[in-house]
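Here the UniProt record's numbering is used: the first residue of the sequence shown is 1, the next is one more, and so on.
What follows is a short report on a single structure.
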Amino acid sequence: MGRATLVALLLCLFAKALVVKAEDPYLFFEWNVTYGTIAPLGVPQQGILINGQFPGPRINCTSNNNIVVNVFNQLDEPFLFTWVGVQQRKNSWQDGTLGTMCPILPGKNFTYHFQVKDQIGSYFYFPATGLQRAAGGIGALNVHSRDLIPVPFDRPTDEYNVLVGDWYNKGHKTLKNILDTGRSIGRPDGIQINGRSAKVGDNIEPLFTMEPGKTYRYRVCNVGLKTSINFRIQGHTLKLVEIEGSHTIQNIYDSLDVHVGQCLSVLATANQEPKDYYFVASSRFTKMPLFSVGIIRYTNQKGPASPILPMAPPENLEGIAWSINQFRSFRWNLTASAARPNPQGSYHYGQINITRTLKLVNSATQVGGKLRYAINGVSHIDPSTPLKLAEYFGVPDKVFQYNLVKDDALATNNLVTTIAPSVVNATFRNFVEIIFENHEKTIQTWNLDGYSFFAVAIEPGTWSPEKRKNYNLLDAISRHNIQVYPGSWAAIMTTLDNAGMWNLRSDMWERVYLGQQLYFSVLSPARSLRDEYNLPDNQPLCGIVEKLPLPAPYTA
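Below, the structure is given as structure tokens:
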């Protein structure tokens, strides 16, 4: 090899090394999705396992990491994962909803690739097709701050993920058939904590251990189908430090509500008598109370947990007021360093002019004698061609009609429910206000994919423009999920700066399956790679676009 050739080769290798060094780190996972027998409430049933586990493997990553998950579907039904709270910038292709992706067919595999760009926090993943969420396939996704960005509390001795939620003893296929016949799936049978359920006095293995004098971080997510949960740790206080990617003012609580789809982090210090203590999870706002416990054990424990449990918060109207006041106590820590829209709290969302207000009202109705749920009179159905693919291939008119949902629920004839794919056309980089108004007697929770939003208000009654004077326009939590109490409303604000097709949905999965969801189409006029990625090479095609030629790719 000549000297010139050798120099050229070394320069090439050096350049490649620079490219590799410049790119953010990759984490690779291979998951086999199978059926298996599980018994969260003690009743054996068919569950969905990931690599033989329920809950599934935990993803521990760091802000800006690239996550690559190769999923092999060994079920007898189509399958998709969705990643709750992960803001996939410019990449709704990987969102894992039936509006953006063709499902992974039985016997096939698909590789997800997304980046947790400028994020920290506690999240989870779950199956987004049918009622599979009721069978498992759920796991934790933790995004840590990079070492150069300090967090506003001392590093805990350890971190524990708590995936808690209601559970049904009926299998997910049975639950799906119930909904397909037009009925509700009814009340759940119990509450599971990390795949287990127990009552006071049961002889059970501990969920977690704590060393005396040490502090631990508990990342708690409500992964259930419809029930709000209150949790507490017997004999210990909880210091709230993070909600869905935002560091919070560190208030102390005896117990905390966590609604369906929500995640938060608390610190608990082992500063009590060395023995066992109960982690307590109980239902909120349900006619029949549900309850479960787990054991937290001191490493030098000298006795069993006391059978006297900490009190649950009040219920009914008093309980709603209690929970609203707790929500109002959640404030963003503006002095903490972290991944955020702009550093050090300089994102003054309260000073941005609102360019669009959408008032969304949920409803339950009967169509043809069958139960449906709707938003402003439109009950969504998933077409055989994913909405994003239809739009990308230039054939949306053959699959869906834009803007069936009107911005104001008063513009809708609520006597008639339209069943159709529901897509709202949104303007790229608009600053929008969304009002969720709940006229029903049950609590609601809502999730917006692709974005964090500022949860500025929750109040009883109905919303009107003068209610804006009650908004928190300084330090509202930036998050992706919001609850709305019966006979109440909630307001959020966000900038639609993430191009793609993004799902806004109820977190009550029965309601999602029967239509309480829509999609925001956020198109960049530039059609540039600066704003949105191209269709991935490995993306399967289905429906009417399967045989169409690929559109010209976006360019830089």
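Just so it is clear, CB atoms sit at the ideal spot from N, CA and C, and this is done for glycine as well.
- Partner residues in the beta bridge of L267, as assigned by DSSP, are R217 and K239.
- Spatial neighbours of D507 in its own chain (CB-CB distance under 6 Å, excluding positions within 5 residues in sequence) are listed in chain order as V260, G261, T445 and N447.
- Using a Cβ distance threshold of 8 Å, S246 and S478 count as a contacting pair.
- The alpha carbon of A135 has as its nearest neighbour, out of P57, T174, P152 and V162, the alpha carbon of T174.
- Counting the other CB atoms within 10 Å of its CB gives H480 a total of 16 or more, which places it among the buried residues.
- The DSSP-derived three-state label of L550 is coil.
- Taking L207 as reference, the option from G369, G213, P188 and I233 with the minimal CA-CA separation is I233.
- In the three-state reduction of the DSSP assignment, H172 falls in the helix class.
- In this model, P57 and G171 are separated by some 22 Å (Cα to Cα).
- Setting aside the 5 residues that flank it on each side, V405 is surrounded in the same chain by I375, N376, V378, S422, V424 and L518, each with a C-beta closer than 7 Å to its C-beta; the list follows chain order.
- Counting along the chain, V367 sits inside the beta strand (DSSP E) bounded by residues R356 to V367.
- In the DSSP assignment, G165 falls outside any alpha helix (DSSP H) and lies within the beta strand (DSSP E) extending over D158 to W167.
- Contact between F126 and I67 is absent: CB atoms are separated by about 16 Å, not below the 8 Å threshold.
- Within the UniProt domain "Plastocyanin-like" (398–525), the runs of beta strand (DSSP E) at least 3 residues long that lie entirely inside it are, in chain order, 422–427, 431–438, 444–448, 453–460, 481–484, 488–495, 500–506 and 517–523.
- When the five nearest sequence neighbours on each side are left out, the beta carbons in the same chain lying within less than 8 Å of the beta carbon of Q326 are those of Y253, L256 and D257, in order along the chain.
- The beta carbon of V280 lies closer than 6 Å to those of R232, V293 and L309 in the same chain, with the five residues before and after it left out.
- Scanning T129, G303, L334 and V164 for the CA closest to the CA of F79 turns up T129.
- D276 sits in a strand when the DSSP states are folded into three classes.
- The Cβ atoms of N73 and V33 sit closer than 8 Å to each other.
- Boundaries of the beta strand (DSSP E) around S228: S228 to I233.
- Secondary structure note for S122: its beta strand (DSSP E) is the uninterrupted segment G121 to P127.
- With respect to the 8 Å criterion, F436 and V367 are not classified as neighbours on the basis of their beta carbons.
- Listed in chain order, the beta strand (DSSP E) elements of length 3 or more contained wholly in the stretch 91–152 are 109–115, 121–127 and 139–144.
- Residue environment for F520: buried (at least 16 other C-beta atoms within 10 angstroms of its C-beta).
- The beta carbon of E433 sits closer than 8 Å to the beta carbons of I354, R356, T357, L358, A491, I492 and M493 from its chain, once the five residues preceding and following it are set aside; these are given in chain order.
- Three or more Cβ pairs closer than 8 Å define a contact, and the stretch 306–324 falls short of that threshold against the stretch 183–195.
- Between the beta-carbon of Q87 and that of Q132 there is about 24 Å, and that puts the pair past the 8 Å contact cut.
- Residue burial annotation: F400 is buried, with at least 16 other C-beta atoms found within 10 angstroms of its C-beta.
- Nearest C-alpha to W502 among R89, R146 and L240: R89.
- With contacts defined as CB atoms closer than 8 Å, T157 and Y218 fail to qualify as a contacting pair.
- Annotated three-state conformation of A321 is helix, per DSSP.
- A direct Cα-Cα distance of roughly 21 Å separates Q272 from Q250.
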